[in-house]
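Quick note on numbering: the sequence shown equals residues 1 to 689 in UniProt numbering.
All C-beta atoms, glycine included, are put in the ideal place defined by N, C-alpha and C.
As the structure is a computational prediction, the values presented were derived from the model and not from experiment.
Let me begin by presenting the structure, written as structure tokens, before commenting on it.
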Amino acid sequence: MGVDLKKTKMYRVIAKGRRNQILKVTKEFVKSCKDPNIRDSDTGGNLLHHIVSHHEKFNNPEMMTVVYSLALMDIEVDVQDYNGDTALHCVVRQKGAYRIMVALMRFGINTSLRNSIGMTAEDILRKDKPPGYEEMLHWYNKLNPGLWCALQEQKPDRHLVEKLLKSWCRVTTVKNGKSVNIKYLVMGDIYKHPLLRMMERYEQTNELSLTLLAGQGAVVRRRLQEGYFMKVNIDAVDASHQLRYPDYPEAPIPLVAATWETNCHDAIDAVMDMNPNISVLYAPDKDMIPTPVIFRLLSSPYRPKELRTIHRILECADASLRSHTGQTLLFQAIYSEEPMSTVKLLLRKGVDIGVRDYVGRTARDFAEKLQRNKYVRTLDNYVLHAIKAKDFPRVERLLLDGYDHVSNITDEGGRTAVEIANKQSSPQVSEIVRLGDEIQRHVKRVFQAIDDGNIENVHKLLACKKYAAGRDDCGRTPLIKAVLKGRRIIAIKLATDCGFTINMQDSLGRSVLHYAYLFMDDPEMIQLLKICGANPDQADVRGRLPKAYSLSECGSIEFLRLQREVLDADLDIYTFRTDFEKSFRSALKTADLSRVQFLVAGLAEHGDVSRYSHLLFDCLDLCREDIAIFLLNSGFKPDITRRDPKCCPQMEDVCSRLQCSHKNISLRQRAIENDCIRVLKLILQLTKQ
1 MGVDLKKTKM
11 YRVIAKGRRN
21 QILKVTKEFV
31 KSCKDPNIRD
41 SDTGGNLLHH
51 IVSHHEKFNN
61 PEMMTVVYSL
71 ALMDIEVDVQ
81 DYNGDTALHC
91 VVRQKGAYRI
101 MVALMRFGIN
111 TSLRNSIGMT
121 AEDILRKDKP
131 PGYEEMLHWY
141 NKLNPGLWCA
151 LQEQKPDRHL
161 VEKLLKSWCR
171 VTTVKNGKSV
181 NIKYLVMGDI
191 YKHPLLRMME
201 RYEQTNELSL
211 TLLAGQGAVV
221 RRRLQEGYFM
231 KVNIDAVDAS
241 HQLRYPDYPE
251 APIPLVAATW
261 ETNCHDAIDA
271 VMDMNPNISV
281 LYAPDKDMIP
291 TPVIFRLLSS
301 PYRPKELRTI
311 HRILECADAS
321 LRSHTGQTLL
331 FQAIYSEEPM
341 STVKLLLRKG
351 VDIGVRDYVG
361 RTARDFAEKL
371 QRNKYVRTLD
381 NYVLHAIKAK
391 DFPRVERLLL
401 DGYDHVSNIT
411 DEGGRTAVEI
421 ANKQSSPQVS
431 EIVRLGDEIQ
441 RHVKRVFQAI
451 DDGNIENVHK
461 LLACKKYAAG
471 RDDCGRTPLI
481 KAVLKGRRII
491 AIKLATDCGF
501 TINMQDSLGR
511 SVLHYAYLFM
521 DDPEMIQLLK
531 ICGANPDQAD
541 VRGRLPKAYS
551 LSECGSIEFL
561 RLQREVLDAD
571 LDIYTFRTDF
581 EKSFRSALKT
591 ADLSRVQFLV
601 AGLAEHGDVS
611 RYSHLLFDCL
621 DLCREDIAIF
631 LLNSGFKPDI
641 TRRDPKCCPQ
651 MEDVCSRLQC
661 SHKNISLRQR
671 AIENDCIRVL
681 KLILQLTKQ
């Protein structure tokens, strides 16, 4: 008589142990190479049935390493208990246990098997409809009918087979106690050889993927040494991945990110040794803007728990990477309140503290806004260390980038950067720190001269060419600004004389070529930029190449949207820094015309004031005629309309979709309603009615 499953340590720990105990015993079980196919004498089920009975313990990627480990030990997935139920029959009855179901189907379970009452697992979902069946059926359909059954067909559906392979279905399975390579199902038919070649293309990659999901880093290394994983695609994605149903759509996840979620340092270390692309763009939701997958490391709900694992991954990261908002990993670390050792690791890797995000913030500004002063202090110390280390290029770069926390910072003892530079640095660094404010004012004068189109002044200001590498708050260089403003002569001069700036990018990764395609209908200029070294393969933070910004490539609607996005960048920064609408409404409430005039003057300096024309309604609602008249004379549009916002709470959602009975009301009508006669008169004059 064989060993009863109930008497094994694995059975007991799954039934009564905590999660960390289950993980520990599983590792011991895998190392022991014991038979995973022991059966329960009472039920006839195996370890997979037992896991399903305690499915609530296996609801995250870390705990799923247990299931994947057992499958790699050649546990038989088709085992039926005394009721004829496979583990798949059992799991479809368990609400939320989709992870186990997906694993079973990946490992080649026979979905056509029927239990003692003649039902398949799919029959249970569709006919019995157990609690949570909608979610389980959704996941079942992703991998239905499984690779084993799909290849049993006389004419297998090639697209279905490839879909299953892209969802990491294993080419090897266990049938009747023996390991079987599913390729044998098509080997004997010459007409199915294209399927055979397809399976061979995915075979090693899928084996690697499932080994990593099992947390088996040591196995990966051993098989690499044996020469097995030589044809893998380390940048493979799981085509079936979905963060959560139904809240998120299907969004394929890279293997490297799926491995991170196992929280297994050994597996993560192994996958990082294989040099995966952690800069590839990824978003868990198709409605979200993709960002480099490395940014998911710190924000994922299944991020690795051990700091050493986080650091192992970050050591392989490109410190210059930026998210779609222009933020670096340093911003992400500050937002996630990472340990100081993580921030220092990023600084050691050379993350640029001078770069700004889409609203003009440096990482220091970001930390200050979040009131995380420990990071502010660390960044100030980083600058002071550069000064003490006599690192002239780094200090100069910060000043040219417009980083505004060099000369004015102090150490813990209250000594200023200027004092420290005088006593502990080189004469060159001391001078540049002392002149920091003047250097940054000089950079601003360069940009102003380009704005004005003053060619002679630009030449004078750039007599020292280093200023051509200066940046404004949007991260633009003088060359980029010249192209944006259509200053062709200045742009040609900068491109030919200051070629070291040709591939510098703005805060959102746009190069001068992106700007040239967007704002200069000038093939000769674009060709000149390329001759001067502009890289046509340099993508922005959303992965778009310069040519994707051309009208012929993106179409008129997207082209105009991109132009508006770029043109509004300065305005976005100004309104963010001043908290414009809140500040405006505060001034409006107290009828503070001088404050409004100050705010609007800044608005006009940075962009199109008409973007905020809707604030005219606020003026009329409070009968602030003097302010409304000032706004209209400043360029706010008089011919605007607004839907009546006075909707009952129950109708707010309908109203927001423009499906309620409210009609648009014009500014003119509101002026009449509120008896704002002077404003009405001006509206009529401006619209010539």
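message = Quick test of your reading: Leu545 and Asp537, contact by CB under 8 Å. State the CB separation rounded to the nearest angstrom.
response = The Cβ separation is near 6 Å, so the contact holds.
query = Considering only residues of the segment 451–529, which uninterrupted alpha helix (DSSP H) runs meet the minimum length of 4 residues and lie entirely inside it, listed in chain order?
reply = Runs of the alpha helix (DSSP H) lying entirely within the segment 451–529, each at least 4 residues long, are 455–461, 478–484, 488–497, 512–519 in chain order.
message = Taking the straight line between their C-alpha atoms, what separation do you get for Pro254 and Met272?
response = The straight-line gap separating the alpha-carbon atoms of Pro254 and Met272 is approximately 13 Å.
ask   = Should Asn46 go down as buried or exposed, given a rule of 16 or more other Cβ atoms within 10 Å for buried?
value = Buried, since its Cβ has 16 or more Cβ neighbours within 10 Å.
query = Is DSSP giving Leu151 helix, strand or coil here?
reply = Coil at Leu151, not helix or strand.
ask   = Given Met1, which residues of its chain have a CB within under 7 Å of its CB, disregarding the five upstream and five downstream residues?
value = With a pLDDT of 43 at Met1, under the threshold of 50, the modelled position of that residue is not reliable, and no figure is offered here.
key: C-alpha gap between His514 and Asp608, whole angstroms   = Here the C-alpha atom of His514 lies approximately 22 Å from the C-alpha atom of Asp608.
query = Residue range of the beta strand (DSSP E) that Ser323 falls in?
reply = Bounds of any beta strand (DSSP E) do not take in Ser323, whose DSSP letter is neither H nor E.
query = With burial defined as no fewer than 16 other Cβ atoms inside 10 Å of the residue's Cβ, what is the status of Asp452: buried or exposed?
reply = That one is exposed.
ask   = In terms of residue numbering, what span does the beta strand (DSSP E) encompassing Val174 cover?
value = Per DSSP, the unbroken beta strand (DSSP E) holding Val174 starts and ends at 172–175.
query = What residue ranges within the segment 266–319 form continuous alpha helix (DSSP H) runs of no fewer than 4 residues, ordered along the chain?
reply = Complete alpha helix (DSSP H) runs here, min 4: 296–299, 307–314.
query = In chain order, what residues of the same chain lie with their CB nearer than 8 Å to the CB of Cys474, ignoring the 5 residues before and after it?
reply = The beta carbon of Cys474 sits closer than 8 Å to the beta carbons of Arg356, Gly360, Asp506, Ser507, Ala569, Asp570, Ile573 from its chain, once the five residues preceding and following it are set aside; these are given in chain order.
query = Thr416 by DSSP, collapsed to three states: which one?
reply = Secondary structure of Thr416 (DSSP, three-state): strand.
ask   = How do the segment 56–63 and the segment 84–101 stand: do at least 3 beta-carbon pairs fall below 8 Å, yes or no?
value = These segments touch.
query = Start and end of the beta strand (DSSP E) containing Ser666?
reply = It spans 664–666 - the beta strand (DSSP E) in which Ser666 sits, taken as one unbroken run.
inquiry  = In this structure, how does DSSP classify Arg39 when only helix, strand and coil are distinguished?
reply    = Looking at Arg39 - three-state DSSP - the assignment turns out to be coil, as it is neither helix nor strand.
ask   = According to DSSP, is Ser407 helix, strand or coil?
value = Looking at Ser407 - three-state DSSP - the assignment turns out to be coil, as it is neither helix nor strand.
ask   = Per DSSP, which one or two residues make a beta bridge with Val359?
value = According to DSSP, residue pairing for Val359 in a beta bridge does not occur.
request  = Spell out the partners DSSP gives Thr641 in its beta bridges.
outcome  = Its beta-bridge partners are Ser666.
3-residue-minimum beta strand (DSSP E) runs that sit fully inside the segment 175–216, ordered along the chain = As far as the segment 175–216 is concerned, its whole beta strand (DSSP E) runs of at least 3 residues are 178–181.
message = Report the CB separation of Phe636 from Gln597 in whole angstroms; it is logged as a contact under 8 Å.
response = Rounded, the Cβ-Cβ distance is 13 Å, inconsistent with contact.
Secondary structure of Glu673, DSSP reduced to three states = Note: Glu673 maps to helix in three-state DSSP.
Assumed close pair Ala495, Cys532 - CB separation to whole angstroms, cut-off 8 Å = The pair is a contact, with the Cβ atoms about 5 Å apart (cut-off 8 Å).
Cβ-Cβ separation, Arg170 to Arg106 (assumed contact under 8 Å), whole Å = Indeed they touch by this definition, with Cβ atoms about 6 Å apart.
query = Is Lys286 near the ligand FMN, going by C-beta to nearest heavy atom under 7 Å?
reply = Annotation note on the ligand FMN: not contained in the displayed structure, which lists no ligands.
key: First and last residue of the uninterrupted alpha helix (DSSP H) at Trp139   = Boundaries of the alpha helix (DSSP H) around Trp139: 133–143.
ask   = Helix, strand or coil: how does DSSP classify Glu261 here?
value = Correct three-state label for Glu261: coil.
message = Using only the alpha-carbon positions, how far apart do Arg611 and Arg585 sit?
response = For Arg611 and Arg585, the distance between alpha carbons rounds to 16 Å.
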